[in-house]
Amino acid sequence: MKMTTLTEHVDSSWANDPAHEGLGSVVKAIADGARQIQAKLQAAAIADVLSAAGGVNVHGEAVQILDEQSSDTFIRLLGESGSVAAIGSEEVAEGVLVGDSPDHRWVVLMDPLDGSSNIDVAVSVGSIFGVWKRPPNEPVTPETMLRPGSEQVAAVYTVYGSSAVLVAATAGSVQGFTLDPSGGGFRLTHPDIRFPEKCQYYSVPDGYYKNWDAPTRAAAEMLRDTYSLRYVGSLVADFHRNLLKGGIFWYPADTKNPDGKLRLMYEANPLGFVAEQAGGAASSGSRPILDIRPEKLHQRVPLMLGPAGAVERTVSILNT
Ligand code: AHG
Ligand code: MN
Ligand code: MN
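For the sequence shown, counting from 1, position 55 maps to 109 in our numbering; every step adds exactly one.
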């Protein structure tokens with residue numbers, strides 16, 4: 055049976071829908087970039103680009119060569135789409151202002167390569183994108199990139215693993231695609247993804263237990279007593295497994311990272327949008343992720359993503 059391609063799905067879903075005009079070209083640019091990054095990752099050791107690029111990013115973290123190459127690739131392709139007004143990237147200190155013609159309708163915040171500490175050990179990594187509509191008739195400024203996650207129109211993530219996967223979410227729809235290695239691009243392999251009823255896994259960086267306060271420890275103990283641990287250290291891979299199989303991901307705040315480690319705009323917001331559209335929940339532990347009014351492009355937030363019941367139970371113990 056011929057599987058629908060990403061291009062066919064996008065064109066049939068949004069072709070005559072003014073609210074999503076140009077969004078298809080954004081998703082296609084992401085898919086093109088994902089194909090290129092997947093090929094780069096597979097050849098990384100041979101091309102000798104596994105090492106750090108030297109220098110640190112705005113977060114003070116060592117930048118891998120592939121972090122920079124992924125960021126450059128997606129910025130180029132999103133710019134060439136002609137539909138993107140501004141881009142925020144984990145690897146770029148300030149936002150990239152692309153254009154403010156009427157066609158430049160979309161604003162993209164991205165983590166171009168998530169889990170990059172896993173690249174040199176062949177563990178799955180991925181890319182994460184939040185897509186907001188540019189406020190019409192407004193000039194494009196850095197503030198254009200600082201809107202709450204609840205105002206996202208779409209979110210996309212990719213996982214480069216045993217297969218290359220792209221998941222695209224819009225209101226009420228989460229669709230999963232797999233890159234066809236025999237050519238033909240991404241094909242619709244996981245239509246209408248929803249969190250399973252049963253939660254079976256939890257993903258928590260347990261090694262930081264000593265840096266957690268008492269409520270965090272109590273909530274982590276409940277998870278440990280209830281579910282099976284799965285944690286690969288790539289947020290997007292841990293999230294994708296939990297979305298398909300039923301699991302909760304939680305990166306708490308701790309004494310070293312009082313605001314948590316993960317970034318609100320291009321990790322928590324996009325995956326929080328996907329989680330909610332798949333019937334789940336996203337919380338900082340004290341409030342829904344998507345309600346947070348951002349102040350800085352690279353601000354951090356504690357992040358809990360998963361089936362609504364598991365998230366609610368964890369949040370209630372955390373706030374006891
Ligand atoms: P990135 O590679 O984009 O910096 O993200 C890494 C993040 C996330 O992918 C993962 O969940 C987390 O770092 C793992 O952190 P620890 O190594 O502290 O567990
Ligand atoms: Mn990341
Ligand atoms: Mn990253």
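By construction, the Cβ of each residue, glycine as well, lies at the ideal position given by its N, Cα and C atoms. Every value quoted in this text rests on a predicted model; they were computed, and no experiment measured them.
Shortest gap from the CB of K315 to any heavy atom of ligand 1: under 7 Å.
Environment of ligand 2, chain-ordered: D165, D168, L289, E321, taking every residue with Cβ within less than 6 Å of a heavy atom. Shortest Cα-Cα distance from M319 to any of E349, L298, Q331 involves E349. Burial state of T212 is buried, judged by a 10 Å Cβ sphere holding 16 or more other Cβ atoms.
For the pair A273 and Y263, the CB atoms are not nearer than the 8 Å cut-off.
Per the coordinates, the alpha-carbon of D234 lies some 11 Å from the alpha-carbon of L60. The straight-line gap separating the alpha-carbon atoms of S288 and S178 is approximately 7 Å. Here V210 is bridged, per DSSP, to F183, A222. Residue environment analysis places V328 among the buried positions, since at least 16 neighbouring C-beta atoms fall within 10 angstroms of its C-beta. DSSP places D308 outside both helix and strand once states are collapsed to three, so it counts as coil. Distances taken from the Cβ of D121 to the heavy atoms of ligand 3 include one shorter than 7 Å. Under the 8 Å Cβ criterion, the region 137-146 counts as touching the region 73-90, having at least three qualifying pairs.
For E330 and E122, the gap between their C-alpha atoms comes out near 30 Å.
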